[in-house]
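Colleague: Going by the numbering used here, the first residue of the sequence shown is number 14, and it counts up by one from there.
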Amino acid sequence: MRNDHVTLRSTAVFDLLAPRTPAVPVQVELRYDTKDPYAVVAAFRTGRAGWVEWVFARDLLADGLIADAGDGDVRIRPAADDPEVVVIELSSPSGHAMFEASAQELADFLDRTYDVVVPGNEHLWVNVDEALTHLISNDLS
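1. In this structure, what does DSSP give as the bridge partners for GLN40?
2. Whole angstroms is fine: what's the gap from ALA36's alpha carbon to ASP28's?
3. Since SER115 sits in a beta bridge, which residues does DSSP pair it with?
4. Rounded to whole angstroms, how far is the Cβ of GLU135 from the Cβ of TYR51, which I believe are closer than 8 Å?
5. If we ignore side chains and look at the alpha-carbon of each, how far apart do ALA70 and VAL54 end up?
6. Let me know the beta strand (DSSP E) ranges lying completely inside the region 45–76, each 3 residues or longer, listed in chain order.
Take a look at the structure:
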């Protein structure tokens with residue numbers, strides 16, 4: 014399976030929420046790569062400056078579609094007033110952002126990842142020797 018590398022990409026628009034201002038649409042690219050089968054990448058378009066990427070567990074996304082999930086830098090939960098919307102909160106030392114996204118779009122993306130790597134089979138896609146070699150070579154430089 015390790016040789017059957019697949020990268021999934023999906024674009025979406027999340028609404029950036031801020032107090033006392035209208036929501037601002039933000040282009041987001043969701044990525045899933047079998048080289049890191051436990052993770053999902055959300056790349057947020059930041060205007061001309063480029064993209065800001067957040068990496069978080071695929072399980073966190075799945076859990077957040079149905080209930081409050083995450084207690085770290087990424088928290089995901091269904092919106093209290095609309096079951097079709099998911100709230101995504103991102104926190105870092107440089108700030109905090111809250112987005113609303115379509116629950117259906119996120120679920121569809123997640124389903125596509127499950128078509129590629131069935132939940133519980135992620136370990137079959139991890140090349141431990143390659144990961145250790147990469148870590149050791151970076152540690153020595």
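Virtual Cβ for every residue (Gly too), placed ideally from N, Cα, C.
Modeller: A quick look at the data gives this:
1. VAL26
2. Distance from the CA of ALA36 to the CA of ASP28, rounded to the nearest whole angstrom, comes to 6 Å.
3. VAL98
4. That pair is a contact at about 5 Å.
5. 9 Å
6. 52–58, 64–70
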